[in-house]
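Before any comments, here is the structure.
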Ligand code: K1U
Ligand code: ZN
């Protein structure tokens, strides 16, 4: 397994729309294992392939305390959205920034597992929020884009300054 580099906002590659996975094979399972290692090490509760510069439709989520309930979604689709909830989100691609985002409270998702088998899942609370956040990444959207233009501009400047100072 390997730790992968996580792209940082405002890297333009974060705005790439990911392509569907044509076949769930060993290469996909290896990428999922590397993404899991990267997500747990960060640490995070979710990771989209986009964030590790792999522009295919795969996301990982584990909201368990013990970090022992990894869920992998290949080609995820939201079938149903219900209700509304507000949550202070973070993002491994936007380190140190947290802000409130409104999303659906409950969702039904369809995806493939790592054997290529289709499944459906009803999710609510943090699991539903995290799945929606990760699906946004696959569509090239970062959570800060729900914030005002002023906040986005301040966040961009702050992260660009951090990147310069780290060079
Ligand atoms: O997509 C990502 O960058 C992962 C992101 C997922 C997420 C968090 C909160 C709301 C929506 C989506 C993170 O994991 S940020 C880190 C984080 O929230 C966390 C880290 C360790 C323990 C608990 C939470
Ligand atoms: Zn994120």
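In the numbering used here, the protein residues as written are 210 to 376. Ideal placement from N, C-alpha and C gives every residue a C-beta, glycine not left out.
Taking the CA atoms as reference points, residue 363 sits about 14 Å from residue 304. DSSP places residue 273 in the coil class of the three-state scheme, outside both helix and strand. Minimum Cα-Cα distance from residue 276 among the listed residues 291, 247, 265 corresponds to 247.
Linking residue 215 to residue 316 through their CA atoms gives a straight-line distance of about 27 Å.
In this structure, residue 264 has its beta carbon at no less than 7 Å from each heavy atom of the ligand ZN.
In this structure the segment 284-293 lies against the segment 309-324, because at least three pairs of beta carbons, one per stretch, are closer than 8 Å.
Shortest gap from the CB of residue 332 to any heavy atom of the ligand K1U: 7 Å or more.
Residue burial is scored here from C-beta neighbours: residue 298 has at least 16 other C-beta atoms within 10 angstroms and is therefore classed as buried.
Around the beta carbon of residue 328, a 10 Å sphere encloses fewer than 16 other beta carbons of the protein chains shown; the residue is thus reported as exposed. Nearest C-alpha to residue 212 among 262, 227, 347: 262.
Taking each of 295, 291, 244 in turn and checking the Cα distance to residue 270, the smallest one comes out for 244.
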